[in-house]
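**Q** Here you go, one structure.
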Amino acid sequence: MVAVLELLARNWAWVLVRGIFTLAFGILAVFWPGITLIAMVILFGAYALVDGIAAIAMGLRRHTGRAILIALGVLGVAAGLIALIWPGISALALLYVIAFWAIVTGVGSIVSGVGLTGDSGGRWLFILSGLAGIALGVLLLANPGEGAIALVVTIGVFAIAWGLLTVFTSVRLRRLSQEV
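Set out below in structure tokens:
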């Protein structure tokens, strides 16, 4: 586990960048929730559309496994078009994706924190950020009907907390990088 800590310490700047972007997203979501929600749905729609087209193109060029790639591509194109044409339905679907993503990444952060040895302070920062992610996911799943704007503000508040914890973690990792 010392190797993981050394790797994180050597890459502390990337942890800092991640924290800063998370903070910026959180601030935008809290102060401009309507724009943030629309942007999230449009970005998802555009991504799914482009990814679907790319999967179809790759599937057409392959000799094996082409049916799966083409099917996934068609699903991606359909999801992208639905997101762009019916953003309300897409916002609810996106809520579930974000909720499950937050839970999975939260568990990952907790596992990383528990696996760290030799840095009890850094361990708790990882665990706290993981708990924040899991709490966000559970809250989103428990109250999906509270409204998309409230969802975005909630995501923003948690993103600010998560971003701050990530920035603090990067500072701690920077100190460790000088020791390693």
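When you number the sequence shown by the working numbering, it's gap-free, plus one each residue, and the end is 182. Quick reminder that beta carbons are idealized off the backbone N, C-alpha and C, glycines included.
#1: So for Gly75, helix, strand or coil by DSSP?
#2: Out of Val32, Leu62, Ser179, Ser172, which has the shortest C-alpha to C-alpha gap to Arg20?
#3: Round the Cβ separation of Ala134 and Phe160 to the nearest angstrom and send it over; I've been treating them as touching at under 8 Å.
#4: May I have the straight-line CA-CA distance separating Phe53 from Trp16, to the nearest angstrom?
#5: When you compare only the Cα positions, how much space is there between Thr119 and Ala101?
#6: Is any beta-carbon of chain C found at less than 8 Å from that of Ile100?
**A** Short version:
#1: Helix at Gly75.
#2: With distances taken between Cα atoms, Arg20 lies closest to Ser172.
#3: With 8 Å as the limit, Ala134 and Phe160 qualify as a contact, their Cβ atoms being about 6 Å apart.
#4: For the record, residue 53 in the displayed sequence is Asp; it is not Phe. Between Asp53 and Trp16, the C-alpha separation is close to 26 Å.
#5: The alpha-carbon atoms of Thr119 and Ala101 are separated by roughly 29 Å.
#6: Considering every chain present, this structure includes no chain C. It has just one protein chain.
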